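Trainee: Pasting in a structure now, in structure tokens, and then I'll have a few things to ask.
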Amino acid sequence: MISKKGTVVLGVIGADVHAIGNQILEYALREADFKVINIGVMASQKEFVQAAIETGADAIWVSSLYGHGEMDCRGLRNKCCEAGIGDILIYVGGNLVIGKQNWQETEKLFKNMGFDRVYPPGTLPGVSINDLLEDLKLSKGDKK
Amino acid sequence: MRTALLIDIGSTYTKTTLLDIDRARVLNNSQAYTTVETDINIGLKKALKDINGWERAEYKLACSSAAGGLKIIAIGLVPELTAEAARRAALGAGSRVLKTYSYQLTEKDIVEIIELKADIILLAGGTDGGNTEVIIDNAQKIAESSLSQAIIVAGNRVASERIKKIFKRAGKEFYIKENVMPNLEELNIKPTQELIRKIFLDKIIYARGLNRVNEFIDGIIMPTPAAVLKAAEVLADGCEEEEGLGKLMVIDIGGATTDVHSVANGKPEKAGVSWRGLEEPYAKRTVEGDLGMRYSVLSLAETIGEEKVRLELNKKGYNISADKYKEMIKHRRSETEFIPNNEKERVLDNIFGRNASCIAVSRHVGHLKTVYTPLGPSYIQEGKDLTKIKYLIGTGGIIVKNENPAFILEGALYSNQDNSELLAPIGPVILKDSKYLMAAAGLLAELEPKVSIKIMKNYLEKI
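From first to last, the protein sequence lines are chains A and B.
Numbers 1 to 144, taken from the UniProt record's numbering, label the letters of the first sequence in order.
Numbers 1 to 463, taken from the UniProt record's numbering, label the letters of the second sequence in order.
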């Protein structure tokens with residue numbers, strides 16, 4: 001357990017039932033030596049926050065595939081702040097908005113909502129895992 | 001003839017049962033007022049007076065809920081997670097959970113915990129390898145307080161060394177056990193429950209003066225609710241030589257609380273339902289402190305609602321004025337020994353009992369939510385699915401002594417619940433514990449499970 005690089009709470013938010021990407025991410029994170037707490041599909045914001053508190057997680061990874069990401073994700077950062085884990089890393093990825101919208105705008109939208117990293121469809125797990133390693137190094141460095 | 005003497009020392013009555021072990025028959029039973037305030041043996045002797053040959057019994061065992069029962073404070077981190085896991089561990093061990101706390105304890109909480117005078121403090125928090133900060137902080141606050149009860153630490157494994165040091169330095173009596181929730185939503189409550197029982201046997205019985213019964217019998221071996229849960233479990237599962245009945249539920253309506261026990265894994269019965277939330281105990285007990293026929297009748301009446309009770313009374317042909325109704329409730333609260341002496345009072349007790357089973361079961365069972373997604377409806381189950389349990393067993397004074405216990409127990413069924421999402425029993429066979437045997441059977445199950453099952457099969461009466 002100590003050798004693990006960190007703990008990630010993983011789940012698909014809202015009324016979204018897309019399970020496959022979630023399982024791929026779990027596999028990739030485990031392979032990269034992370035401890036994964038997979039709360040599965042149709043997870044609420046509250047469940048992400050509660051899971052992160054009990055498990056002392058370093059990051060929350062939110063997936064949203066069905067286009068309602070903006071509605072489902074709004075307020076997640078605030079809930080974390082309220083719950084005393086305001087500085088946790090939160091990433092989001094998937095089909096975050098409906099239709100073809102400008103990616104820069106979508107990314108900005110989610111960053112303004114308090115997400116540390118935002119990924120477009122088609123991102124490979126390795127990309128976000130590398131980002132996570134980088135961000136964890138930085139945040140651990142900050143604490144020192 | 002081998003016999004067993006089994007005693008339930010309750011808060012009001014001490015009930016004794018003498019059994020013929022070889023033939024799985026009840027030989028005799030009796031009851032007398034519990035005399036825990038003065039000398040527990042006075043009441044016990046009185047109850048034993050009517051039981052011929054009890055001295056020769058091979059086993060003389062008791063369970064007890066006298067002197068307030070076994071009282072526990074449960075502490076965890078997130079209310080729905082480790083705090084709930086700690087609460088479930090305590091309930092399944094047959095205790096009364098006085099209060100459950102979450103997150104960091106405040107000074108005010110500590111003062112309140114001291115005032116509540118629990119027997120045991122159960123401290124959980126964090127999954128293994130998860131949050132350590134809160135449980136350590138809470139341990140520190142308990143260590144600095146005047147609390148002197150036994151403390152069970154069943155939280156994040158990683159924090160246990162630190163907590164050990166904190167409590168050792170403070171000179172507290174403490175026990176470190178496996179985490180009640182080692183991984184997210186995974187329950188591991190058996191080790192803690194075994195420890196709770198051991199503390200009950202080694203210490204609490206002595207502290208209450210209950211050990212004086214050892215002059216007559218082999219001893220009190222568990223709290224009464226734990227005995228009832230044990231009986232339910234062995235009856236459902238069976239043992240090597242005796243087949244069990246399968247999934248079942250026990251409703252125990254008392255003067256102060258209504259307890260519901262279920263023995264079933266509770267996993268979804270229908271295809272296409274996904275299950276979520278904290279894992280459920282296979283043998284689960286819930287206690288409703290606001291639903292009781294006497295001590296808690298005020299809150300019971302309030303929970304049901306005056307309008308509903310009076311409407312049901314009306315249906316039965318009793319038109320009672322609001323004042324008279326209030327008086328009838330108050331009378332039950334002030335005279336807790338009250339037994340209805342006319343039909344009107346009996347009908348009111350039955351309506352209260354029926355609603356107590358309905359509400360207690362609605363809080364015990366899980367529910368099935370339909371979520372409409374862009375891909376069509378999805379079904380999510382939280383809690384136990386008990387729609388298909390085979391047997392529903394009723395016990396407690398109101399049921400044992402009732403001519404029409406079905407009216408009361410049917411209140412628990414799915415068709416009588418207001419909420420269609422509840423996973424309450426649909427069509428179980430209803431049984432009545434007409435000989436008040438459940439606790440005795442649980443005691444006997446510790447030593448002779450086969451006989452215990454046979455006795456329950458012989459005496460639980462189909463209604």
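The beta carbon of each residue, even a glycine, is placed where N, CA and C say it ideally should be.
Every value quoted in this text rests on a predicted model; they were computed, and no experiment measured them.
If you measure between the beta carbons of B/V228 and B/A439, is that distance less than 7 Å?
Mentor: The answer is yes: Cβ separation under 7 Å.
Trainee: Alpha carbon to alpha carbon, how far is B/G317 from B/F338?
Mentor: Their backbone Cα atoms lie some 23 Å apart in a straight line.
Trainee: Could you check what DSSP says for B/T34 in three-state terms: helix, strand or coil?
Mentor: Coil, per DSSP.
Trainee: Touch check for the stretch 354-371 of chain B and the stretch 319-330 of chain B: three-plus C-beta pairs under 8 Å?
Mentor: The answer is no - the stretch 319-330 of chain B does not touch the stretch 354-371 of chain B, with fewer than three Cβ pairs under 8 Å.
Trainee: Could you tell me which residues DSSP puts in a beta bridge with B/A283?
Mentor: According to DSSP, which records beta bridges pairwise, B/A283 is partnered with B/V263.
Trainee: Is the separation between the beta-carbon of B/A360 and that of B/V250 shorter than 7 Å?
Mentor: Not closer than 7 Å, so no.
Trainee: Rounded to the nearest angstrom, how far is the Cβ of A/V41 from that of A/H68, given a contact under 8 Å?
Mentor: A/V41 to A/H68, Cβ: 13 Å. No contact.
Trainee: Quick one: which chain A residues come within Cβ less than 8 Å of B/L184?
Mentor: Per Cβ cutoff of 8 Å: I37, I39, A51, E54 and T55.
Trainee: By Cβ distance below 6 Å, which residues in the same chain neighbour B/G130 in space, the five residues on each side in sequence not counted?
Mentor: The residues are N156.
Trainee: In three-state terms, what does DSSP make of A/G84?
Mentor: Looking at A/G84 - three-state DSSP - the assignment turns out to be coil, as it is neither helix nor strand.
Trainee: When the Cα atoms are used, what is the spatial distance from B/D22 to B/L44?
Mentor: Going from the Cα of B/D22 to the Cα of B/L44 covers about 26 Å.
Trainee: Verify the CB distance criterion: does B/S102 have a CB-CB separation below 7 Å to chain A?
Mentor: No - not a single Cβ of chain A is within 7 Å of the one on B/S102.
Trainee: Determine the extent of the alpha helix (DSSP H) in which B/K168 is found, giving its start and end residues.
Mentor: Run containing B/K168: S160 to A170, per the alpha helix (DSSP H) assignment.
Trainee: In the DSSP assignment, find the unbroken beta strand (DSSP E) run with B/H367 in it and report its ends.
Mentor: B/H367 -> beta strand (DSSP E) spans H367 to T373.
Trainee: Given a threshold of 16 other Cβ atoms within 10 Å of its Cβ, counted over all protein chains shown, does B/M293 qualify as buried or as exposed?
Mentor: Per the 10 Å Cβ criterion, buried.
Trainee: Would A/F48 pass as a contact of A/I37 if the rule is Cβ separation under 7 Å?
Mentor: No; because the gap between Cβ atoms is not below 7 Å, this pair is not in contact.
Trainee: Ordered along the chain, which non-local residues of its own chain (more than five positions away) have a Cβ less than 8 Å from that of B/E84?
Mentor: Counting only Cβ-Cβ distances below 8 Å, and skipping sequence neighbours, we find G76, T100 and L278.
Trainee: For B/T373, would you say it is in contact with chain A, using Cβ-to-Cβ distances shorter than 7 Å as the test?
Mentor: It does: the Cβ of B/T373 has a partner Cβ on chain A nearer than 7 Å.
Trainee: If you draw a straight line from the alpha carbon of B/I114 to that of A/P125, how long is it in whole angstroms?
Mentor: Answer to the nearest angstrom: the Cα atoms are 51 Å apart.
Trainee: Would you say B/L81 lies against chain A (beta-carbon separation less than 7 Å)?
Mentor: It does: the Cβ of B/L81 has a partner Cβ on chain A nearer than 7 Å.
Trainee: For chain A, check one thing: does any of its Cβ atoms lie closer than 7 Å to the Cβ of B/S11?
Mentor: No, B/S11 lies away from the interface with chain A (no Cβ there is under 7 Å from its Cβ).
Trainee: Please classify B/P377 as buried or exposed, where buried requires at least 16 other C-beta atoms within 10 Å of its C-beta.
Mentor: Result: exposed.
Trainee: Output needed for B/T82: all residues of its chain with C-beta closer than 7 Å, excluding positions within five of it in sequence on either side, in chain order.
Mentor: Within the same chain, B/T82 has close Cβ partners G76, A124, G125, G126, G155, V180 and M181.
Trainee: Whether or not the stretch 406-416 of chain B and the stretch 295-312 of chain B are in contact is what I'm after, with contact meaning three or more pairs of Cβ atoms, one per stretch, closer than 8 Å; do they touch?
Mentor: Taking 8 Å as the limit for Cβ pairs, the verdict is that the stretch 406-416 of chain B does not touch the stretch 295-312 of chain B.
Trainee: If contact is defined by three or more beta carbon pairs under 8 Å, each pair taking one atom from either stretch, is the stretch 397-404 of chain B in contact with the stretch 62-78 of chain A?
Mentor: No: fewer than three Cβ pairs fall under 8 Å.
Trainee: What does a CB cutoff of less than 6 Å around B/V158 pick up in its chain, not counting 5 residues either side in sequence?
Mentor: Here the set comprises G129 and T132.
Trainee: Identify which residue in B/T16, B/L105, B/Y379 and B/I196 has its Cα closest to the Cα of B/G69.
Mentor: It is B/I196.
Trainee: For B/R25, write down the residues that DSSP places opposite it in a beta bridge.
Mentor: DSSP lists B/D20 as partners of B/R25.
Trainee: Taking B/V451 as the query, report the chain A residues whose CB atoms sit under 7 Å from its CB, ordered along the chain.
Mentor: Near B/V451 there are no residues of chain A at all, since even the closest Cβ is about 44 Å away, more than 7 Å.
Trainee: Step through the CB atoms of chain B and report whether any lies within less than 7 Å of the CB of A/I20.
Mentor: With 7 Å as the cut-off, A/I20 does not count as an interface residue toward chain B.
Trainee: Could you tell me whether the Cβ atoms of A/T55 and A/T7 are closer together than 7 Å?
Mentor: Yes, they are a contact pair.
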